[in-house]
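Taking UniProt numbering, the leading residue of the sequence shown gets 1, the next gets one more, and so forth.
Notes follow once the structure below has been shown.
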Amino acid sequence: MENTNVTMISDLTLAQDDYTIKVRIIRLWKQIRMIGMILMDERGAKIECNVDKPFSYLQGNNLEEYGDYYIQKPTIGLNNGIIKFVDGPHKLYFQYSTKVIKCKDFCGPRNSFAFIDFKQLHSNSIQANLSFDIIGNVFQCFPLEPPKDKQEQKITLKMEDLEGHEVFVTLWGRYADEIVAYVSKHHGHFVMIIQLAKFKKIRERPYVNNTYLATKLFIEDNIVEITAFKKSLQARKTSSCSSVSRASGSSIMYSLHDDFLQKNSFYKISTIHELNEGNCAVILGTIKMFEDMRTWYYNACTKCKSKVILMDVPNEAVNDLDRFEEKKMMFCPKKDCKGKDVIAEPSYMIKVRVQGLVGVVSLTMFDREVRNLLKISAAELISKYERFDNPSDFPNELNAMLNKKLAFKIVVKTLNSSKFGRYYNISKITDNFDIIVALENIEKKNIIEQDMDNDSVNAVGSEFASQDTVGCKDVNSHTDDNTPVSNIPSGNSTSPSSVTATNNLNSPPTSVKRKLVDIYDLDDDVYESATKPNASRVDNDKAGITTKLLIPKVEK
């Protein structure tokens with residue numbers, strides 16, 4: 001066909017019926033009753049196109065992804081679906097008069113991505129019903145979660161752009177399988193493009209999700225866009241040692257999930273004092289207050305992050321009075337930095353009180369943790385308020401940390417051998433929704449098990465108590481001495497309450513194990529003594545000694 005008969009996508013109008021477009025199918029997905037496509041012309045303009053039943057059966061076999069075609073006489077409809085895959089008011093549809101002819105001279109680009117900036121995701125400036133393309137460096141990958149209820153299996157990733165901005169990605173179904181298949185054969189970070197993704201916000205955090213069928217993944221593909229991104233990433237890595245960039249591959253796949261849920265044990269805050277020095281623990285808590293609002297940053301050495309020391313040193317220049325003037329110089333106390341030029345930058349150091357379900361603990365959060373939470377550096381805050389020389393001012397932006405629920409991985413340190421002179425270093429923190437939910441479930445399970453153990457102990461104690469009361473005699477059947485029953489004055493009979501009260505006044509305890517002869521016989525037996533063993537009754541009988549028994553008095 002001649003190019004003069006071709007209409008560009010941007011020139012389509014509702015006034016036309018008889019027109020032909022020359023396009024490449026850059027995305028094609030098939031559903032039960034339709035075929036969905038994204039068409040691109042030679043200028044790179046795109047439009048969504050649907051081939052509904054029965055036209056999908058007629059034309060479906062002739063269409064393929066990255067195929068080039070002339071499409072004659074499609075009709076124009078409204079682009080008002082739940083998700084718009086192309087930003088525009090119109091969508092193309094096939095009709096009975098539509099014809100498809102293979103094209104051999106298409107001169108446009110192979111792909112046409114509409115990449116968004118990660119800042120747009122964090123600022124919530126993305127239309128919820130508009131799909132987009134995203135490219136980034138995947139530096140963290142959580143384990144595959146199996147299907148649950150009616151949901152498919154899913155996997156969560158963490159991506160960053162060239163400026164270090166991060167975003168969570170959740171992929172479902174076959175897209176999760178693609179990630180698992182790649183990660184099982186490759187190690188370390190990788191660059192990925194998600195074509196036709198959608199935006200979702202969970203707990204004030206942006207998430208990127210796939211659509212049901214339209215989304216396509218490009219994982220380390222040899223295409224221009226990924227190659228250019230990797231070169232820029234490498235250039236940033238070599239030009240800056242900033243901790244924001246993770247291009248060095250410092251993160252190992254699944255490391256965050258393993259650290260918080262598998263490799264280290266979870267502890268209630270009230271029990272971490274039982275740990276020994278060097279032990280690691282995972283705790284869950286909410287930042288409730290700042291412990292010290294007088295200082296919130298310190299001047300840190302850019303090489304080792306140690307606190308630099310300002311010292312007055314003589315200036316080599318001589319003033320008009322032939323005296324040496326002093327000047328302030330920065331020194332780093334670390335051995336590796338001694339004798340070298342020291343450059344300092346403001347770094348966060350904020351003391352907070354963290355409250356868990358059981359217990360409160362003081363922790364000090366440093367630059368890495370605070371920057372990850374606030375997405376702004378201490379130097380930027382100081383510059384904003386122009387208060388570099390006044391550390392007592394506490395920026396309002398830091399209040400955003402309050403009431404944040406976080407998981408902390410801590411390491412126990414001691415100032416001396418005593419467990420009371422100890423502190424806890426923060427090794428890692430996360431506000432990952434899935435990890436926090438998992439730790440909450442562990443915490444609740446531990447409390448339930450503890451309550452069940454307490455109930456079982458109480459049940460056993462009550463059982464023993466009931467057994468001790470079996471076979472007890474009447475209140476008048478025992479006293480606190482060896483007086484025979486017939487000789488007890490009527491006023492000396494006791495009750496359980498009176499016995500308890502007497503014992504509380506340090507009275508001699510009543511002996512329970514007593515011989516019947518001591519109760520019913522007289523105390524005139526010359527062979528019985530309080531300090532010597534009783535003589536045998538057999539010897540008494542042989543000596544002809546008899547014991548006179550009392551005759552019980554019968555009450556009338």
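Just so you know, even glycine gets a beta-carbon here, dropped at the ideal spot from N, CA and C.
Assignment of C337 by DSSP, reduced to helix, strand and coil, places it in the helix class.
A distance of 8 Å or more separates the beta carbons of F266 and I429. In the assembly as shown, K150 is an exposed residue. Its beta-carbon has fewer than 16 other beta-carbons within 10 Å. Linking N403 to K375 through their CA atoms gives a straight-line distance of about 17 Å. Taking every protein chain shown into account, the CB of D41 has 16 or more other CB atoms within 10 angstroms, so this residue is buried.
Per DSSP, the continuous beta strand (DSSP E) segment holding H90 begins and ends at H90 to Y93. Burial state of V360 is exposed, judged by a 10 Å Cβ sphere holding fewer than 16 other Cβ atoms.
L39 sits in a strand when the DSSP states are folded into three classes. Collapsing the DSSP output to three states places S347 in a strand. Contact between the segment 174–189 and the segment 74–84 is not established, with fewer than three Cβ pairs separated by less than 8 Å.
Assignment of Y297 by DSSP, reduced to helix, strand and coil, places it in the strand class. In terms of Cα proximity to Y70, the closest of I38, I47 and K104 is K104. With respect to the 8 Å criterion, I47 and L14 are not classified as neighbours on the basis of their beta carbons. Around the beta-carbon of P146, fewer than 16 other beta-carbon atoms lie within 10 Å, marking it exposed. Exposed is the label assigned to Q262, since fewer than 16 other Cβ atoms lie within 10 Å of its Cβ.
Annotation: the continuous beta strand (DSSP E) that includes L196 extends over F190 to I202.
Remark: C-beta atoms of N137 and V191 approach each other more closely than 8 Å. By the C-beta criterion, the segment 395–412 is judged to be in contact with the segment 433–450, since at least 3 inter-stretch pairs fall below 8 Å. Comparing alpha carbon positions, the residue from K268, A379, L63 and M349 closest to Q355 is K268. Counting only the Cα atoms, K200 lies some 12 Å from F132.
Beyond the five residues adjoining it in sequence on each side, E152 comes within less than 8 Å, by CB distance, of W172, G173 and A176 in the same chain, given in chain order. V51 is a Cβ neighbour of I35, given a cutoff of 8 Å. Here the C-alpha atom of T271 lies approximately 10 Å from the C-alpha atom of I283. For R368, the enclosing alpha helix (DSSP H) begins and ends at D367 to L374. In the structure shown, Y69 adopts extended strand secondary structure according to DSSP, grouped into three states. Residue environment analysis places K154 among the buried positions, since at least 16 neighbouring C-beta atoms fall within 10 angstroms of its C-beta. In the three-state reduction of the DSSP assignment, L171 falls in the strand class, which pools E and B.
Looking only at L121, I26, F55 and M329, the smallest Cα-Cα distance to S112 is reached by I26. Excluding the 5 residues flanking it on each side, Y297 has same chain C-beta neighbours closer than 7 Å at P346, S347, Y348, M349, A378 and P391, in chain order. A400 counts as exposed, since fewer than 16 other C-beta atoms from the protein chains shown sit within 10 angstroms of its C-beta. Annotation for A15: no beta strand (DSSP E) segment contains it, and DSSP assigns it neither H nor E. Take the alpha-carbon of L256 and the one of V411: they are about 16 Å apart. When C-alpha distances from T295 are compared across F366, T302 and H273, the shortest belongs to F366. Residue environment analysis places Y424 among the buried positions, since at least 16 neighbouring C-beta atoms fall within 10 angstroms of its C-beta. A direct Cα-Cα distance of roughly 11 Å separates T20 from T75.
Here D259 has K409 and K428 as same chain residues with Cβ atoms under 7 Å from its own Cβ, once five neighbours each way along the sequence are excluded.
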